[in-house]
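Novice: Quick mapping for you: the protein sequence lines, in order, are chains A and B.
First residue of the first sequence: 212, per our numbering; consecutive thereafter.
First residue of the second sequence: 212, per our numbering; consecutive thereafter.
All residues carry an ideal CB built from backbone N, CA and C; glycine is no exception.
Number of protein chains: 2
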Amino acid sequence: MAHLQLEAFLPYRLNRIAAAVSQDFRAVYGPHHDLTIPEWRVLATLGQFDEMGAKGIGRHSAMHKTKVSRAVQALEERRWLKRRESEEDRREEILTLTASGRKAYREIVPKALAFERRIVEELGTEAGPFLAALERLEEIFRLR
Amino acid sequence: MAHLQLEAFLPYRLNRIAAAVSQDFRAVYGPHHDLTIPEWRVLATLGQFDEMGAKGIGRHSAMHKTKVSRAVQALEERRWLKRRESEEDRREEILTLTASGRKAYREIVPKALAFERRIVEELGTEAGPFLAALERLEEIFRLR
DNA sequence: CTAGTTTAGTTACAGGTGTAACCGTCAATT
DNA sequence: AATTGACGGTTACACCTGTAACTAAACTAG
Numbered sequence: 212m213a214h215l216q217l218e219a220f221l222p223y224r225l226n227r228i229a230a231a232v233s234q235d236f237r238a239v240y241g242p243h244h245d246l247t248i249p250e251w252r253v254l255a256t257l258g259q260f261d262e263m264g265a266k267g268i269g270r271h272s273a274m275h276k277t278k279v280s281r282a283v284q285a286l287e288e289r290r291w292l293k294r295r296e297s298e299e300d301r302r303e304e305i306l307t308l309t310a311s312g313r314k315a316y317r318e319i320v321p322k323a324l325a326f327e328r329r330i331v332e333e334l335g336t337e338a339g340p341f342l343a344a345l346e347r348l349e350e351i352f353r354l355r
Numbered sequence: 212m213a214h215l216q217l218e219a220f221l222p223y224r225l226n227r228i229a230a231a232v233s234q235d236f237r238a239v240y241g242p243h244h245d246l247t248i249p250e251w252r253v254l255a256t257l258g259q260f261d262e263m264g265a266k267g268i269g270r271h272s273a274m275h276k277t278k279v280s281r282a283v284q285a286l287e288e289r290r291w292l293k294r295r296e297s298e299e300d301r302r303e304e305i306l307t308l309t310a311s312g313r314k315a316y317r318e319i320v321p322k323a324l325a326f327e328r329r330i331v332e333e334l335g336t337e338a339g340p341f342l343a344a345l346e347r348l349e350e351i352f353r354l355r
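1. Express the C-alpha separation of B/Glu298 and A/Leu345 in angstroms, rounding to a whole number.
2. Given this structure, state the Cα-to-Cα distance separating B/Arg270 from A/Leu257, to the nearest angstrom.
3. Between the alpha carbons of A/Thr307 and A/Arg281, how many angstroms are there, rounded?
4. Report buried or exposed for B/Ala213, applying the criterion of at least 16 other Cβ atoms within 10 angstroms of its Cβ.
5. Taking all protein chains shown into account, decide if B/Arg227 is buried (16 or more other Cβ within 10 angstroms of its Cβ) or exposed.
6. For B/Leu225, report the span of its alpha helix (DSSP H) as first-last.
7. Distance cutoff 8 Å, beta carbons only. Does B/Gly258 sit that close to anything in chain A?
8. Work out the CA separation of B/Leu292 and A/Lys322 for me, nearest whole Å.
9. A/Leu324 versus chain B: which residues are under 7 Å apart at the beta carbon?
10. Give the single residue among B/Arg313, B/Ala231, B/Gln216, B/Glu288 whose Cα lies nearest to the Cα of A/Leu354.
11. B/Glu250: buried (16+ other C-beta within 10 angstroms of its C-beta) or exposed?
12. Am I right that B/Arg347 and A/Glu337 are in contact with their C-beta atoms under 8 Å? What's the rounded C-beta distance?
Structure (structure tokens):
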């Protein structure tokens, strides 16, 4: 019978590694601010783009619109972002970070980059080819 | 201000890629049998080991015991596996695939391997270094 | 102008998930 | 043998998620 070892099976391994990385990454922002991943993604997107509607955030961070909606609500309650009605289209709500939101962003980003750098360093010479392969995978699965 | 591009951030990319791979892989077993990922993992583990308790399955497939418990229930209702009380330890339930379970397993495994092979082929010369990097990551995050 | 369609965003609902509490059994100590 | 703690497995609960239905606003075509 054709054999399959789960522990050597690519989808399984990718899932586990991604989960472990996310889990570890949570330790980066967890202690100070207790964010969920969707909240972090919204924060990161708004930190990157200053102004954006929920739709745009969803597109950029690859999240379902309900996930974005809830993450935005949560961040709003935390007073890390505020909404403003778009003038061209009153359905749309333009979102921006508040001062506290930008402060949190500025605190988290260096830690996030350090976290990433640490992984890349531990990969050593394998890092380059690995990142190149990730790009190929993104093409293969049309993620860009 | 230190900059972070979400779309270039490793944890984000890994999560997206893993999700896309799982999603695509679902198309492999989805059409015929409509399995969840936990159910597939239990099936794969029992296909690999013939007999095992829920605890062992959880350890081997990196799943929480409640997830295993529910996946086992689902597969039992499908009549793809059966339970038998262990004779050494009456707390433990030894699980084995039924004939239908083994049949499904034999149908899915070649497709799963083909799916994996296709990805590796599309990676071409980058496949080797990529898989090596995955092993490094598994070490770094103590997944083995 | 108006009817029908599309779009930005929210929400009700159903399903999946982990935490914690639980049941029955085993093992160690007395 | 009785007690205590550990263990395999299940379940109640709370939380998160996507689907689908919804609201309000915008667009399109008569």
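Specialist: Working from what's here:
1. 48 Å
2. 40 Å
3. 16 Å
4. exposed
5. buried
6. 221-240
7. yes
8. 47 Å
9. Ala213, Leu215
10. B/Ala231
11. buried
12. 6 Å
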